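Below: one structure, written as structure tokens.
Protein chains: 2
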Amino acid sequence: MSKKPLILVINDDGITAPGIRTLIKIMNTIGEVVVVAPDSPQSGMGHAITVDSTLYVEKVTIDNGPQKEYSCSGTPADCVKLGVREILKRKPDLCVSGINHGSNSSINVIYSGTMSAAIEAGIEGIPAIGFSLLDYSWSANFEHSESFIRKITTNTIAHGLPQGVVLNVNIPNVPQKDIKGIRVCRQARANWVEQFDKRQSPMGKDYYWLAGKFENLDQGEDTDEWALEHNYVSIVPVQFDLTAYQSIKQINTWNLND
Amino acid sequence: MSKKPLILVINDDGITAPGIRTLIKIMNTIGEVVVVAPDSPQSGMGHAITVDSTLYVEKVTIDNGPQKEYSCSGTPADCVKLGVREILKRKPDLCVSGINHGSNSSINVIYSGTMSAAIEAGIEGIPAIGFSLLDYSWSANFEHSESFIRKITTNTIAHGLPQGVVLNVNIPNVPQKDIKGIRVCRQARANWVEQFDKRQSPMGKDYYWLAGKFENLDQGEDTDEWALEHNYVSIVPVQFDLTAYQSIKQINTWNLND
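From first to last, the protein sequence lines are chains A and B.
So for the first sequence, the numbering used here puts the first residue at 3; every next one is plus one.
So for the second sequence, the numbering used here puts the first residue at 3; every next one is plus one.
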């Protein structure tokens with residue numbers, strides 16, 4: 003690539019989150035950066051899009067870096083759509099999302115605003131990567147993530163990605179010297195066991211907080227959960243063709259047209 | 003199954019939508035029905051969950067049917083979680099979602115609150131089906147859907163579904179006599195080409211409406227789009243293991259650990 007790649011940067015924790023600020027800093031060393039990110043946290047938004055209300059976009063300056071930045075009232079998926087159709091003058095060469103404050107491994111990919119932004123870009127035909135660090139705190143230390151993010155990003159630009167595939171990258175929250183390397187993995191079979199916290203409002207009305215415990219049901223050593231537990235950076239190639247091809251034949255045996 | 007199956011009914015158009023009222027009526031003839039549905043429309047919510055605010059649930063009576071009904075302030079995925087953990091006394095035998103007012107074929111599965119409810123149930127290990135009619139209007143005619151929904155539901159109860167698979171059923175909006183049958187399909191490769199509608203508020207601030215045109219990029223005759231265009235009811239078996247297995251080997255050739 004002779005000219006600098008155009009990189010669209012998105013996240014779901016909001017445009018001022020330390021995670022996206024780190025990602026912008028890294029991407030500024032690789033390409034020309036345009037940021038379109040939510041004006042407030044959007045964690046757990048999954049692949050939500052705004053169909054029943056209006057969207058606002060505002061050009062903002064948050065630090066003195068060379069990137070252009072836009073703050074958007076919508077979801078991460080909205081940010082990709084607006085970024086690609088309204089803000090950028092050409093299709094970006096890459097879309098990176100994150101760095102998420104907290105894991106998006108295994109089944110979390112389904113609930114993740116970070117990954118939905120990457121998937122939305124993938125649907126648009128843009129090579130895309132979601133990055134997450136296994137530390138939910140706002141003051142998470144992203145320093146040790148930088149070399150891995152740089153390596154995975156430059157390789158993605160050099161090699162491209164297969165049509166219909168985006169990358170879900172998770173980074174363990176341990177010192178850099180303890181990280182053993184990078185592993186390409188499958189998504190572990192896991193779920194959340196919800197324990198709702200039921201309370202009563204001052205007006206006497208019951209309400210709930212969603213809380214829960216993550217449960218890994220998968221003993222495989224080729225999963226993202228295994229890699230992360232053993233201090234590897236995990237990469238899961240993620241597709242948005244959700245067809246369970248192996249089940250088509252089976253359901254055809256039901257003879258639904260008899 | 004000796005006793006009546008316990009069926010959890012959800013949707014994303016809200017508990018009073020004609021689509022879910024039709025679905026409840028059908029399910030009442032098949033099993034014991036508990037409804038947990040959003041108190042307001044949640045279209046386009048994808049797999050959003052409520053992590054940063056509280057959830058309200060209220061027992062309601064909307065018609066004189068035998069079902070129990072609960073209206074919930076959360077998203078479709080929240081409704082499943084609350085239904086399974088807090089409202090039902092045992093794990094339901096089936097979860098059905100819909101009938102959605104409008105298509106959830108092809109890439110729409112990604113944005114669909116209807117399908118995210120079915121997928122959430124699938125993650126919980128409950129056989130689940132999302133039903134959608136290809137008519138966005140509130141006054142859509144669901145009458146011709148009934149026999150197909152009944153047939154697919156009773157077959158799902160009789161045969162079960164493979165672990166990790168839920169069904170995405172779409173029904174053409176044509177008279178019953180014109181429907182040619184049921185086809186098990188793959189998800190068509192398609193996307194939305196957004197055309198944002200930019201306007202200015204009375205206060206002079208720019209804002210956008212998300213609008214767009216659906217584009218089917220897939221010529222295959224084994225897709226849901228093909229089936230629906232040819233007046234078949236489409237069933238796509240949908241999985242939530244998003245791993246693009248065929249890409250793992252390819253990305254390993256990048257030698258990211260060198």
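For each residue, glycine too, the CB sits at the ideal point set by N, CA and C.
Remember, predicted model here, so these are calculated numbers, not experimental data.
List, in order along the chain, the chain A residues whose C-beta lies closer than 7 Å to that of residue i?
{"i": "residue 49/B", "result": "48, 49, 112, 113"}
{"i": "residue 196/B", "result": "83, 87"}
{"i": "residue 211/B", "result": "56"}
{"i": "residue 118/B", "result": "48"}
{"i": "residue 161/B", "result": "256"}
Under the rule that 16 or more other beta-carbon atoms within 10 Å means buried, what is residue i, buried or exposed?
{"i": "residue 96/B", "result": "buried"}
{"i": "residue 40/A", "result": "buried"}
{"i": "residue 102/B", "result": "buried"}
{"i": "residue 161/A", "result": "exposed"}
{"i": "residue 60/B", "result": "exposed"}
{"i": "residue 200/A", "result": "exposed"}
{"i": "residue 78/A", "result": "buried"}
{"i": "residue 92/B", "result": "exposed"}
{"i": "residue 190/A", "result": "buried"}
{"i": "residue 107/A", "result": "buried"}
{"i": "residue 29/A", "result": "buried"}
{"i": "residue 110/B", "result": "buried"}
Just checking: is the beta-carbon of residue i within a distance shorter than 9 Å of some beta-carbon in chain A?
{"i": "residue 187/B", "result": "yes"}
{"i": "residue 151/B", "result": "no"}
{"i": "residue 19/B", "result": "no"}
{"i": "residue 166/B", "result": "yes"}
{"i": "residue 72/B", "result": "no"}
{"i": "residue 63/B", "result": "no"}
{"i": "residue 144/B", "result": "no"}
{"i": "residue 121/B", "result": "yes"}
{"i": "residue 3/B", "result": "Caution is warranted here: a pLDDT of 49 is assigned to residue 3/B, below 50, making its placement in the model unreliable, and the coordinate value is therefore given only provisionally. It does not; no Cβ of chain A falls within 9 Å."}
Residues of chain B with CB closer than 9 Å to the CB of residue i, please, in chain order.
{"i": "residue 183/A", "result": "258, 259"}
Closer than 6 Å by C-beta to residue i: which residues in its own chain qualify, once you throw out the five before and the five after it? Chain order, please.
{"i": "residue 248/B", "result": "none"}
{"i": "residue 178/B", "result": "146"}
{"i": "residue 180/A", "result": "233"}
{"i": "residue 6/B", "result": "33, 34"}
{"i": "residue 62/B", "result": "71, 73"}
{"i": "residue 163/B", "result": "129"}
Under 9 Å Cβ-Cβ, which residues of chain A neighbour residue i?
{"i": "residue 13/B", "result": "Those do not exist, as residue 13/B stays about 16 Å from chain A at its closest Cβ, beyond 9 Å."}
{"i": "residue 59/B", "result": "208, 209, 210"}
Could you pull the start and end residues of the alpha helix (DSSP H) that residue i belongs to?
{"i": "residue 216/A", "result": "It is not in any alpha helix (DSSP H) - residue 216/A instead sits in the beta strand (DSSP E) that spans 214 to 218."}
{"i": "residue 2/B", "result": "Residue 2/B falls outside the range modelled here, since chain B spans only 3 to 260, and no answer is possible."}
{"i": "residue 81/B", "result": "78 to 84"}
{"i": "residue 150/A", "result": "148 to 161"}
{"i": "residue 249/B", "result": "247 to 254"}
{"i": "residue 21/B", "result": "20 to 30"}
Ignore the nearest five residues each way along the sequence and tell me which others in residue i's own chain have a CB closer than 8 Å to its CB.
{"i": "residue 2/A", "result": "Here chain A covers residues 3 to 260 and nothing more, so residue 2/A does not appear."}
{"i": "residue 125/A", "result": "242"}
{"i": "residue 3/B", "result": "Because residue 3/B sits at a pLDDT of 49, beneath the cut-off of 50, its placement in the model cannot be relied upon, and the point is left open."}
{"i": "residue 142/B", "result": "20, 21, 103, 135, 175"}
Using a Cβ-Cβ cut-off of 9 Å, state whether residue i counts as contacting chain B.
{"i": "residue 92/A", "result": "no"}
{"i": "residue 239/A", "result": "yes"}
{"i": "residue 32/A", "result": "no"}
{"i": "residue 155/A", "result": "no"}
{"i": "residue 53/A", "result": "yes"}
{"i": "residue 39/A", "result": "no"}
{"i": "residue 253/A", "result": "yes"}
{"i": "residue 43/A", "result": "yes"}
{"i": "residue 201/A", "result": "yes"}
{"i": "residue 95/A", "result": "no"}
{"i": "residue 170/A", "result": "yes"}
{"i": "residue 245/A", "result": "yes"}
{"i": "residue 131/A", "result": "no"}
{"i": "residue 79/A", "result": "yes"}
With a CB to CB cut of under 7 Å and the five nearest residues on each side skipped, what residues in its chain are close to residue i?
{"i": "residue 229/A", "result": "185, 187, 236"}
{"i": "residue 55/A", "result": "none"}
{"i": "residue 51/B", "result": "77, 79, 80"}
Can you tell me where the beta strand (DSSP E) holding residue i begins and where it ends?
{"i": "residue 211/B", "result": "208 to 211"}
{"i": "residue 232/B", "result": "Premise fails: residue 232/B is in no beta strand (DSSP E) and is neither H nor E."}
{"i": "residue 9/A", "result": "8 to 12"}
{"i": "residue 183/A", "result": "183 to 186"}
{"i": "residue 103/B", "result": "96 to 103"}
{"i": "residue 194/B", "result": "192 to 196"}
{"i": "residue 223/B", "result": "Here residue 223/B belongs to no beta strand (DSSP E), and DSSP marks it neither H nor E."}
Give the residues of chain B in contact with residue i, contact being defined as C-beta atoms less than 8 Å apart.
{"i": "residue 139/A", "result": "Residues of chain B passing the Cβ test: none, with the nearest at roughly 15 Å."}
{"i": "residue 250/A", "result": "186, 187, 188, 239"}
Between residue i and the ligand HEM, is there a pair consisting of the residue's CB and a ligand heavy atom that are separated by less than 8 Å?
{"i": "residue 18/B", "result": "In the structure shown, the ligand HEM is absent, as is every other ligand, since no ligand is present at all."}
For residue i, return the contacting residues in chain B, with the cut-off set at a CB-CB distance below 7 Å.
{"i": "residue 180/A", "result": "The premise fails here: residue 180/A is roughly 15 Å from chain B at the closest Cβ pair, so nothing lies under 7 Å."}
How would you list, in chain order, the residues of chain C whose beta-carbon sits under 8 Å from the beta-carbon of residue i?
{"i": "residue 193/B", "result": "Reference to chain C is not applicable here, since the protein chains of this structure are A and B."}
What residues of chain A sit near residue i, judged by a beta carbon separation below 8 Å?
{"i": "residue 236/B", "result": "Residues of chain A passing the Cβ test: none, with the nearest at roughly 11 Å."}
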